[in-house]
Each structure stands twice: as structure tokens, then as C-alpha cells.
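Worksheet: the structure to be examined is printed underneath.
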Amino acid sequence: MKKSVTQFLLDHAAEKPVSFHMPGHKGSDIYRRYGYDEFLNNFIDCDITEIPGADNLFQTEGVIRETAEKYRRLYDVKKSYLLINGTSGGLIAAILASVPQGKKLVMARNCHKSVFNALTLGGIEPVYAYPSMVGEYGISGPVEAEEIARCLDENPEAQAVILPSPNYYGICSDIKAIADVVHSRGKVLIVDQAHGAHLKFMSGEPKSAEECGADIVVNSTHKTLCSFTQSAVLNYNSDRVEQYILEDKLQAIQSTSPSYLLMASLDINADILEKHGERSFSAWQSNIEDFYAKAAAVEGLKLMEVPGAMDKTKINIDMSCYGIDGNQLEELLMEKGIYSELVTGNILMCMTGIGNTGADFERLLAALKSIAEERAFDKEGSDNSGAAGTEGCDKADNSGAALWMKRRALHEIPKKKQQVHIDESEGLICAASIIPYPPGIPFVCPGEEIGREEIEYIKLLRNRGEKVIGVDENMCVVVGKE
Ligand SMILES: Cc1ncc(COP(=O)(O)O)c(C=O)c1O
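Counting in this note's numbering, the sequence shown runs from -10 upward without gaps.
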């Protein structure tokens, strides 16, 4: 008999795994450390609805307003909104509030799928801004201010700009420079800061989008801080978007039964930031620095660095020197009870969060060292070619990398649709996004032509066992019908 989801979760928790994936709390320890046992012990009894005194998420006057106020103070913005449908809901509402139906939105091509969904919901036309690439790994890098300027100058009727920063790998764009470009042309800047809710509270660079002048910033506090999965915070810091329209879109997009457990976790997260933020963030930062320094001494272990643009709380590990790709490294770490967040080619990304302790970082380092030592020993034993180092390293497997940011012509999104086997989709127009998950960035978008290279790459991902939304179990995709 197959396990239930409950049993799976209980078994997993019993393993006492080390989490380098979302959510950022990494388990109940941080709640207990700072004295929130009473909430944990009364968990189910806190799952209520809008009884008298419990306030209303969509017209805050009482307790929920108090929590939103805490965030307003913490991020130093005009107004903060609690979200219970993740950053996804906040991004859709922000876009719908900023771009009227039928108008254009300048968006980074590596935006999350929720941004693409907003296009469909709002009848909005995209103008793609292409990020630069990190050549060695074939992943998207920063979006340059010049690229945003080009898009806006070629499309002066565009109403707003949206991009992710940091992106999934922790690479940040120069939001200050982009804000200057956007505002000098009278447009609205929305930053998807799903992966950077912590930046405002860290010392040094990169700075948060709130500090760099974005109009609306959406933060997945669940990814790196300690609120529960699906909770998030939208920060509004502008006169360029009407507040009442934003509020109308937020209530249209989100559940009418907002979870009080999620909202309580947002409240506790804010409380921890206010009362223990300094201590938590300085410990987290020093664990990170220590980890990078010690990892540098492990032969054959490479950590991705993008000077000046990297949020180092995301640790991108490359051990291809030992012939280990990202998937294999993920498996090897899992055997040691360590779970990571994302694999792309040779990179394995470990997402650290406020809840990770020094001991977690030590376990990760020790595991990587022992993998390196075993491989070096195997290599010496097998070919006697001396210590395993960077010589003879496999080249990064970047097959498909260039395809991600390929500039494809954008056709009208098909009104009539059909499902066809992927092998028969060559030359047809995509009618439902094809989205490898993670990272959740559409690979082929509605309106783009599906080519042979795309087909082969999607098949490769599926053969590797990766999830690709938009390709069903029979390998069918949705395309336009003549
Ligand atoms: C870049 C980016 N933006 C937005 C989201 C959506 O965030 P949420 O899961 O809070 O809805 C994700 C999710 O992984 C993401 O990677």
C-alpha cells in the first residue's frame, strides 16, 4: 500500500533531516528557541475563521492590522500586506493593479510562472527583457538596467516593469539603477523578491529592493525567514499605483478563507525579526562566511560566485570535478540525511534560512568533504593519475542552457487548442506554458513556437525524472489548432 502524505511527513520528520530547502524556519526549533511553544502546543485550536475580534485580512482594523504594521516598520515602507497565497498571489495582484487590460508589461524572461499567469488573467501583453547569462553554468544572471531601458524605449506604452531579484540561484540585479530607468520614464517597478525577504535585515550588499526604490516588492517570508509555507508579505512603497486598486486585486486573487495559522506564523516571524533579528542575522551571516571560507579549502569543491551580485545565503555547489553532476550530488547528500533545494546541470543549490544552525552548516561541510575524499581516493586508485583536482574535470553540462533565454518570436496566443504528443508539436505554437519545476520559470511560453531543440530538451528533462508542468504523463503538450 502506498504511504499517505501524513505518514510520509511523519516518517521524514522522524529522520531528523538537515534542511537546505524551503521553508526557512527549518522546523520547530526556532519557534521553541524564542518562546513560542504555546502557539505550537495549541496549533489546531488556533485554526479559526473571522470570529469577532479576529479582524479581517481584506479590511484590517485590529489584530491583523497590528501584524501588517510590524512589517511596515521592519521594511520601512508605506504599507505592508499579509499574503496567504504566497508571493504568487501578490505578484498577480501587483501586476493587475499596475497594468490595465490590453496594455504592455516589461518582464524579465526568467520571471516565475505566476507572472505569466497574470498575463493571461489580465489580458496583458508581455515585452521580454532578457537577463544576462552566467556562461559557465548556463543559468540566468542579472537583468541589466540597459536592457530594461531598451525595452521601455521600444515600447513607451508599457505601464510597468517586473523582474525577480534575487533569482532562484541568489543572483541579484542592480535594482537601484533599474528603478532610476523605470521612474525616469514614469513607469512602475515591481520586484519579485520571493527569494530575498531577508535582504533588508542583512548587513552589506546586495541591498533589498525596498531600499533601492522599487514601488511594490513581494517577499516570500516562508522561503528564507520563519513564517509558514504559503505566507508572504507585499510591501507597497509608492504613489504610482493606486492603493485601493491594489487592495481590490489582492482580495480578488486570494482565498476568502485566509488561514489564521499562516497569519499567526507571519506575526511570529515579525516578532522574531523585531526582538531577535540582530542576533539571528549576524549568526546566519557568520555561518555563511565561515562555510564559504572552509569550503574553499576543499579540493574540487566549487561554490558559484557572481561578484557584486550574489546573495550568498543560496549556496550553489559544483562538484563536477569528480564527475558528479547536480542530481548525483543531491542523492549523495540525501544518503547522509541532507536535503537540498534545486538542481540545474552540475549545480546543486542549498537554500539556507534563518532557522539553519551552525551545526547544519557543519554537517553539510563534513558531507561534502567526505564525498570529495571518497572520490579523490577512487580516482587515485583507479588511474593513478595523481590527486584529483581540476584537471580532467568534466565540462559543465550546459546542454539546453542557451535554449532557456532563446529569443523566440511571439505569436498570438492560440484561441483554439489541442493536445498533441510532444514529438508531433514541432513547428506548432505553444498554448499552455511548459514549465520545468523547480525553478518554475516557463521554458516555452504560450505564443512561442516549439522547435526540435526544445522537444529534445524537454524529453531529456523528463528522462532524467524531472517534473515538467505542461507535459502530461503521456508526453502530450497543449498547442494551437488551425
Ligand atoms: C522567483 C520566484 N518568484 C515567485 C515564486 C512564488 O513564490 P510563492 O511560493 O511564495 O508563491 C517563486 C517560487 O518558488 C519563485 O521562485
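Beta carbons: idealized from backbone N, C-alpha and C, even for Gly.
Look at S209: its beta carbon is less than 7 Å from one of the heavy atoms in ligand 1.
A residue is called buried when at least 16 other Cβ atoms come within 10 angstroms of its Cβ; H14 meets this threshold and is buried. Distance from the CA atom of N463 to the CA atom of A83, rounded to whole angstroms, is 36 Å. Taken atom to atom, the span from the alpha-carbon of S216 to that of T56 is near 12 Å.
Distance check between P296 and each of P195, L80, E4, I411 places P195 closest, using alpha-carbon atoms only. Going by beta carbons, I81 and G130 fall outside the 8 Å limit. As for any beta strand (DSSP E) of minimum length 3 sitting wholly inside the stretch 307 to 359, the runs are 331 to 333, 336 to 340, ordered along the chain. No Cβ-Cβ contact shorter than 8 Å links P145 with H184. K93 is the residue among G124, K93, N106, S103 whose C-alpha sits nearest the C-alpha of Y117. By the C-beta density criterion, S275 is exposed, having fewer than 16 other C-beta atoms within 10 angstroms. The DSSP-derived three-state label of E263 is helix. Annotation: the stretch 201 to 245 contains the following complete segments of the alpha helix (DSSP H) (minimum length 4 residues), in chain order: 210 to 213, 232 to 242. Proximity of the beta carbon of Y158 to ligand 1 is not indicated: no heavy atom of the ligand is located closer than 7 Å.
Between E278 and the set Q243, V332, G193, the nearest pair of CA atoms involves G193.
Considering only E415, M299, Y281, the residue with the shortest C-alpha distance to L357 is Y281. Membership of A97 in the beta strand (DSSP E) is indicated by the continuous run 93 to 97. Straight-line measurement puts the Cα of K325 at about 13 Å from the Cα of Q317. Remark: C-beta atoms of V460 and R453 do not approach each other more closely than 8 Å.
A contact between stretches requires three or more CB pairs, one per stretch, nearer than 8 Å, and the stretch 62 to 81 meets this requirement with the stretch 214 to 230. Within 7 Å of the C-beta of D181 there is at least one heavy atom belonging to ligand 1. Excluding sequence positions up to five before and after P403, its CB lies within less than 6 Å of the CB of I418, A420, G469, all in the same chain and listed in chain order.
Ligand 1 has no heavy atom closer than 7 Å to the beta-carbon of A298. When the alpha-carbon of A298 is set against those of L141, K456, I164, L110, the nearest one is in I164. A Cβ-Cβ distance of about 5 Å is found for the pair N305 and I336, placing them in contact under the 8 Å criterion. With at least 16 other beta carbons inside 10 angstroms of its own, I53 counts as buried.
Looking at the backbone, the Cα of P41 and that of Q(-4) are separated by about 36 Å.
Taking C-beta atoms as the reference points, S329 and E320 fail to come closer than 8 Å. Here the C-alpha atom of I151 lies approximately 25 Å from the C-alpha atom of L255. Every beta strand (DSSP E) stretch that sits fully inside the stretch 108 to 141 and reaches 3 residues is listed by chain position as 114 to 118. Between ligand 1 and the CB of S216, the shortest heavy atom gap is not smaller than 7 Å. Distance from the Cα of G289 is smallest, within the candidate group Q48, E231, S8, A365, for A365.
In this structure, K448 places its C-beta atom within 8 Å of the C-beta atom of I411. Between F28 and A259, the beta carbon gap of about 14 Å keeps them out of contact (Cβ cut-off 8 Å). Within the same chain, Cβ atoms closer than 7 Å to the Cβ of A168 are found at L178, C201, G202, A203, the five residues on either side in sequence being excluded. Taking each of E351, G91, Q182, I360 in turn and checking the Cα distance to G112, the smallest one comes out for G91. Taking 7 Å as the cut-off, the C-beta of H14 does not count as close to any heavy atom of ligand 1.
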